[in-house]
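Novice: Here it is: the structure, laid out below.
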Amino acid sequence: MADPTEGKTILCFLPSGEYFQGRLITDDNEQYGLTGRKANLPEGHFHECCFEDTPAFFTITVIDFMTKKEIPILDVMRTGGDNCSLVKDEEFEFHTDQLFTGSKADEIILKYFNPSLVKKDCLVCTGHCIISVNLS
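See below:
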């Protein structure tokens, strides 16, 4: 397993919940991009009976801005509704510490994301993320 990359993470979910953009900022101020696209339920990877609501699954792509390398992580499970967690075994873990909507979400979007997302009713989640796949 690769040494983990971790840090403050900002995720911006489109209102449909089908897609998100994100930014991971390490303690050394290295930055990685994140994109997530809703995927089909994986076969045999989880027990549906263990969840009140069926979780959503995403394919997350980690983007190393320095090398332009893109690393996909398949079947990342999203639970917790708007105040979400995203988890895939030892590979990826994010938990929301704060959730922002409305004008506060728009302020964060202007700082970290494409301004075209302002006034689109996006949800912004901030928290800590740990990625344990080889990003180099």
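Using the numbering used here, the first residue of the sequence shown is number 2, and each one after it goes up by one.
Every residue, glycine too, gets a C-beta built ideally from N, C-alpha and C.
Since this is a predicted model, take the numbers as computed values, not measurements.
1) Among the residues of its own chain, which have a CB less than 7 Å from the CB of D83, if the five just before and after it don't count?
2) I'd like to know whether the C-beta atoms of V77 and F59 end up nearer to each other than 7 Å.
3) Going by C-alpha distance, which of K120, I109, N135, S133 is nearest C126?
4) Determine which residues share a DSSP beta bridge with I62 and list them.
5) Buried or exposed: K89, going by 16 or more other Cβ atoms within 10 Å of its Cβ?
6) Output needed for D107: all residues of its chain with C-beta closer than 6 Å, excluding positions within five of it in sequence on either side, in chain order.
7) Among G34, A40, T27, T55, which has the Cα closest to the Cα of Y113?
8) So, at 7 Å on beta carbons, what are the nonlocal neighbours of I11 in its own chain, with the 5 sequence-adjacent residues on each side left out?
9) Does DSSP put D107 in a helix, a strand or coil?
10) Where does R79 land, buried or exposed, given buried means 16+ other C-beta within 10 angstroms?
11) To which residues does DSSP link G128 through a beta bridge?
12) Can you grab the Cα-Cα spacing for the pair R38 / E19, in whole Å?
13) Beta-carbon separation of I64 and I74 under 7 Å?
Specialist: According to the structure shown:
1) L100, L124
2) yes
3) Of the candidates K120, I109, N135, S133, the one whose C-alpha sits nearest the C-alpha of C126 is I109.
4) The residue you asked about is not Ile; residue 62 is Thr in the sequence shown. According to DSSP, T62 bridges with T36, P73.
5) buried
6) V119
7) G34
8) G23, R24, I109, Y113, V125, T127
9) Here D107 carries a helix assignment [DSSP, helix/strand/coil].
10) buried
11) T10, T97
12) If you draw a straight line from the Cα of R38 to the Cα of E19, it comes to about 6 Å.
13) no
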